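Student: As you go down the protein sequences, you meet chains A and B in turn. According to our numbering, the first sequence is numbered sequentially starting from 67. According to our numbering, the second sequence is numbered sequentially starting from 92. Yeah, the Cβ is synthetic: ideal placement off N, Cα and C, and Gly gets one too. Please read these numbers as outputs of a predicted model, since none were measured by experiment. Okay, handing you the structure first.
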Amino acid sequence: MFGLRAVSPGDPATLMLGEGATAETIARVREQEGLDDPIFVQYLDYLQGLLVGDFGYSWRSNREVDVMVIERIPATLELAFAATVVALVIAIPLGVVSATRRNEPSDYGATLFSLLGISTPNFWLGLMLILLFGVWLGIFPTGRRPVGLGEAIWTLVAYGSVGDLLTWLRHITLPALTLGTYFTALITRLTRSGMVDELGKPYVMATKAKGLPAVLVRYKHVLRNTMIPIITVLGLQMGTLMGGAVITETVFNWPGLGLRLIDALDARDWPLMQGVIVFIAIAFVTINVLVDGLYSALDPRVSDE
Amino acid sequence: MISDRITANLRQTFRDSLLPKIGMLLLVTIVLMGVFAPILATHDPTRTGHYDEGGNAYPPVGFDYTTQAAVDGEIQEVHVTAESAHVLGTNNVGQDVYSRFVYGARISLLVGFTATLLAMLIGVPIGLMAGYYGGRVDDTLMRVADTMLAFPALVLALALIGVFGESPVYVPDPIVYLGLADGMPESIPIPGTVTIVAALVIWVWFARVARGEALSLRNEEYVKAAKSFGTSDRDILIGHVLPNSITPIIVLATIQVAVIILLEASLAYLGFSGTTLSWGYEIERGQDILRTRPWVSTLPGIGIVLTVIAVNLLGDWFRDALDPNLDEGQRGA
């Protein structure tokens, strides 16, 4: 990542100072920032900084990169969380219904929906939702995040007012639907195919023979066994969720990490861009470890190996 | 390589269900549209300035809209009607939406198929060798693969493009070259960096699947027999291991074409594609005028959805017919 910075066009000193800077000022800033050092010296400096939590300064705004990254985390987390909730709440019942009523109209409906869901680019979906719900129907706002979830909960607890929470809900609805649709579709497909396999297994017949109610069996036993592959896939799809968040944030002007990354890229603001990417990388390693843990919690056989 | 049993399976699944037929019909239509774009297009897709007298973009035929414009120094409501020469209207810089729609198919399909092919060429040999030889090579590969699979492909692609720039490759258009379509652009810009970057973020999926196959095949009797005859590892890999692992690779490739088409559209939407003839780019351009001229963003999106649906339907067909064990987890990016 860092090595590539050396070959990229654009002089950072000029970028920091703007086009009108004199040659002397540029030279002085290059000196100060160590930009004249060989690239590996710069790299070692950067790594040394990372170890003590120093991500450097943004070339564009001259603010500390770690602050610029951290302040954007809540918005992205809220969005990812809301999208996952949307996906799970819609997809699992849909998949179960689809699997238990195979080749009935509800199954065809669910299949068609999930095919559309995995085939629609989310930025376009976002724009269409804006057009439908924002412009024509005027039900939901079409962008921005005037209040964070944290503040909204605080006003609820401290002042007993639900106003902020409602504002937050109204603003996050369309972004969450936009980001969540792909996952809803994917989980519906997974739940359906997993349930179909699982329902054919002998133990399901055995529970029927014991006289257990079908609904109980379906949700307690069959769904639980189906969840294992679903969680694995969701773990693998975390990257897609983050990628989707980058786009969704751009469409809705949602001030999260993704929007910050796009802005940094547009401005060729390398320290900021590196900061965001290093942060995302650390976050993903952590998520992977957590998903592995969840996996063995759901299926005791995994930890036996 | 492809046995009779496989072709028979494919044929039977195709005959038995409706969805592969729809997918095939859609994809053939879109491919033909892309190939013959210069003939099908009514205007040069890059030519700007198709406006009415007031400088307003035309709506699609059958629609009209009102906008505000300065007439004799005063702001007035202006009624804009469709123009039959521009069936699907024009965009905010006055380009013909229908012609751009037709050309957009080329970029999506070219990037989708080229990048998948590239990713296969990188991933399959590496995966086969890792699985076949095992040991340290294999361990290293799986570490790299796990890391890459977990990382957001879009973010990786953005970072790579941020570094290398978004250089388009201009390819001469054979149809225009042959003189079959006058007045169309002589060359079309293909997003070169995007194609390579897409292959670079996708290849690990192929490496993983190929590795898994090679791992199980290396203990097969016929591989051991070939080895005992003194056949070289290279010949065993090409002659025995590759042909027997080709079906899951084909299934995976179909899914990845869809994934890459979406990735290219996303990158173009974010402004990092390097070509302006892409559906994704056109959607971005329509975003600012979504309220007044929604058709600019809407139509290219329908193009993307139909293309991806077509590829996904064929992917489902291949999977059902060839390799029921491959699951949704293989859907990358």
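(1) Just to make sure I have the definition right: I need the residues of chain B whose C-beta is within less than 7 angstroms of the C-beta of A:I328. Which are they?
(2) Give a yes or no on contact between the stretch 132-151 of chain A and the stretch 355-372 of chain B, applying the rule of three or more CB pairs nearer than 8 angstroms.
(3) I need the straight-line Cα distance from B:L404 to B:S108, nearest angstrom please.
(4) What does B:I340 reach in chain A if we use C-beta pairs closer than 7 angstroms?
(5) Please return the same chain residues whose Cβ sits closer than 7 angstroms to the Cβ of B:G423, not counting the five positions on each side in sequence.
(6) For the structure I just gave you, are there three or more beta carbon pairs, one from the stretch 235-251 of chain A and one from the stretch 190-205 of chain A, closer than 8 angstroms?
(7) Output needed for B:P259: all residues of its chain with C-beta closer than 7 angstroms, excluding positions within five of it in sequence on either side, in chain order.
(8) Answer with buried or exposed for B:A128, where buried requires no fewer than 16 other C-beta atoms within 10 angstroms of its C-beta.
(9) Scan the stretch 369-395 of chain B for residues whose Cβ lies nearer than 9 angstroms to a Cβ of chain A and list them as they occur along the chain.
(10) Is any heavy atom of the ligand NAP found at a distance shorter than 8 angstroms from the C-beta of B:L404?
(11) Measuring alpha carbon to alpha carbon, tell me which residue in B:V402, B:V126 and B:G222 is nearest B:L117.
(12) Within 9 angstroms of any Cβ in chain B, is that where the Cβ of A:D173 sits?
(13) Mind checking B:V188: buried by the 16 CB within 10 Å criterion, or exposed?
(14) List, in chain order, every chain A residue whose beta-carbon is nearer than 8 angstroms to that of B:L249.
(15) Give me, in chain order, the residues of the same chain whose beta-carbon lies closer than 7 angstroms to that of B:I380; leave out the 5 immediate sequence neighbours on both sides.
(16) Report buried or exposed for B:L251, applying the criterion of at least 16 other Cβ atoms within 10 angstroms of its Cβ.
(17) If the cut-off is 7 angstroms on Cβ atoms, which residues from the stretch 220-254 of chain B count as contacting chain A, listed in chain order?
(18) Taking a Cβ distance cut-off of 7 angstroms, strictly less, list which residues of the stretch 159-172 of chain A are near chain B, in chain order.
(19) What are the residues that DSSP puts in a beta bridge with B:Q167?
(20) Compare the C-beta of B:V399 against all C-beta atoms of chain A and say whether one is closer than 9 angstroms.
(21) Below 8 angstroms between beta carbons is the criterion; list the residues of the stretch 324-354 of chain B that meet it against any residue of chain A, in chain order.
(22) With DSSP as the reference, label A:D130 as helix, strand or coil.
(23) Could you name the residues of the same chain whose beta carbon sits closer than 6 angstroms to that of A:I196, not counting the 5 residues immediately before and after it, in chain order?
(24) Could you tell me which uninterrupted alpha helix (DSSP H) segments, each at least 4 residues in length, are contained entirely in the stretch 263-341 of chain A, listed from first to last along the chain?
(25) Is A:I196 close to chain B? Criterion is C-beta to C-beta, closer than 9 angstroms.
(26) Buried or exposed, going by whether 16 or more other CB atoms sit within 10 Å of the CB of A:D335?
(27) Taking the straight line between their C-alpha atoms, what separation do you get for A:F179 and B:S307?
(28) Reducing DSSP to helix, strand and coil, say where B:A132 ends up.
(29) Might you give, ordered along the chain, the residues of its own chain that have their beta carbon closer than 8 angstroms to the beta carbon of B:V235, omitting 5 neighbours on each side?
(30) Going by alpha carbons, who is nearest to A:W202 out of B:P265, B:R382, B:L240 and B:W408?
(31) Alpha carbon to alpha carbon, what distance is there between B:L201 and A:D230?
(32) Return no unless some Cβ of chain E is closer than 9 angstroms to the Cβ of A:R138.
(33) Residues in its own chain within less than 7 angstroms of B:A317 by CB, not counting five upstream and five downstream?
(34) Does DSSP classify B:D155 as helix, strand or coil?
(35) Are B:S190 and B:T133 closer than 9 angstroms when you measure CB to CB?
(36) Can you tell me the Cα-Cα spacing of B:M233 and A:T254, whole angstroms?
Tutor: In terms of the structure at hand:
(1) Within the first sequence, numbered from 1, the residue matching residue 328 of chain A stands at position 262. Correct list: L361.
(2) no
(3) Stepping through the second sequence from its first residue, residue 404 of chain B is reached at position 313. Stepping through the second sequence from its first residue, residue 108 of chain B is reached at position 17. The alpha-carbon atoms of B:L404 and B:S108 are separated by roughly 11 angstroms.
(4) Taking the second sequence and counting its residues from 1, one reaches residue 340 of chain B at position 249. Ordered by position in chain A, no residue passes the 7 angstroms Cβ test against B:I340, which lies about 19 angstroms from the chain.
(5) Mapped onto the second sequence, residue 423 of chain B falls at position 332. The pLDDT assigned to B:G423 is 46, lower than 50, so where the model puts this residue is not dependable; a value taken from the coordinates is nonetheless given after this. Once the five neighbours on either side are set aside, the close Cβ partners of B:G423 are A244, I293, W296, Q347 and V350.
(6) yes
(7) Position 168 of the second sequence, counting from 1, holds the residue named residue 259 of chain B. Around B:P259: P280, I281, P282, G283, G365 and T366.
(8) To locate residue 128 of chain B, count along the second sequence from 1; it is residue 37. The residue in question, B:A128, is buried, as its Cβ has 16 or more Cβ neighbours within 10 Å.
(9) W370, G371, I374, E375, G377, Q378, L381, R382, P385, S388, T389, P391, G392, I393 and I395
(10) In the structure shown, the ligand NAP is absent, as is every other ligand, since no ligand is present at all.
(11) Position 26 of the second sequence holds residue 117 of chain B. The shortest C-alpha separation from B:L117 is found at B:V402.
(12) As a first step, residue 173 of chain A is located in the first sequence; it is residue number 107 there, counting from the start. No, no contact with chain B.
(13) The residue given as residue 188 of chain B occupies position 97 in the second sequence. It counts as buried.
(14) Sequence index remark: in the second sequence, residue 249 of chain B carries index 158 (1-based). Here the neighbours are V312, L327, I328 and L331.
(15) Taking the second sequence and counting its residues from 1, the one referred to as residue 380 of chain B is at position 289. N183 and V387, listed in sequence order.
(16) Translated into positions along the second sequence, residue 251 of chain B becomes position 160. B:L251 should be labelled buried.
(17) L240, A241, F242, P243, A244, L245, V246, L249, A250, G253 and V254
(18) none
(19) Position 76 of the second sequence, counted from the start, is the residue given in the question as residue 167 of chain B. For B:Q167, which the question treats as bridged, DSSP gives the partners B:A160.
(20) One-based indexing of the second sequence puts residue 399 of chain B at position 308. So, interface residue.
(21) A349 and L353
(22) On the first sequence, residue 130 of chain A is found 64 positions in, with the first residue counted as 1. In the sequence on display, residue 130 of chain A carries Glu and not Asp. A:E130 falls in the strand class under three-state DSSP.
(23) Numbered from its first residue, the first sequence carries residue 196 of chain A at position 130. So the list reads T208, once near-sequence residues are dropped.
(24) 268-276, 289-318 and 323-333
(25) Translated into the one-based positions of the first sequence, residue 196 of chain A becomes position 130. Yes, contact with chain B.
(26) Within the first sequence, numbered from 1, the residue matching residue 335 of chain A stands at position 269. Buried, because 16 or more other Cβ atoms sit within 10 Å of the Cβ of A:D335.
(27) Residue mapping note: residue 179 of chain A aligns to position 113 of the first sequence, counting from 1. Residue mapping note: residue 307 of chain B aligns to position 216 of the second sequence, counting from 1. So the alpha carbons of these two residues sit roughly 37 angstroms apart.
(28) Taking the first residue of the second sequence as position 1, residue 132 of chain B is located at position 41. The answer is coil: DSSP assigns B:A132 none of H, G, I, E or B.
(29) Taking the second sequence and counting its residues from 1, the one referred to as residue 235 of chain B is at position 144. Closer than 8 angstroms at Cβ, skipping near neighbours: V295.
(30) Taking the first sequence and counting its residues from 1, one reaches residue 202 of chain A at position 136. Nearest option by C-alpha distance: B:R382.
(31) Here residue 230 of chain A refers to the residue found at position 164 of the first sequence. Here residue 201 of chain B refers to the residue found at position 110 of the second sequence. Taking the straight line joining both Cα atoms gives about 48 angstroms.
(32) Of the protein chains in the structure, A and B, none is chain E.
(33) Indexing the second sequence from 1 puts residue 317 of chain B at position 226. I327 and H331, listed in sequence order.
(34) Taking the first residue of the second sequence as position 1, residue 155 of chain B is located at position 64. Correct three-state label for B:D155: strand.
(35) Residue mapping note: residue 190 of chain B aligns to position 99 of the second sequence, counting from 1. Residue mapping note: residue 133 of chain B aligns to position 42 of the second sequence, counting from 1. In contact: B:S190 and B:T133 (Cβ atoms closer than 9 angstroms).
(36) Taking the first residue of the second sequence as 1, we reach residue 233 of chain B at position 142. Taking the first residue of the first sequence as 1, we reach residue 254 of chain A at position 188. Taking the straight line from one Cα to the other gives about 29 angstroms.
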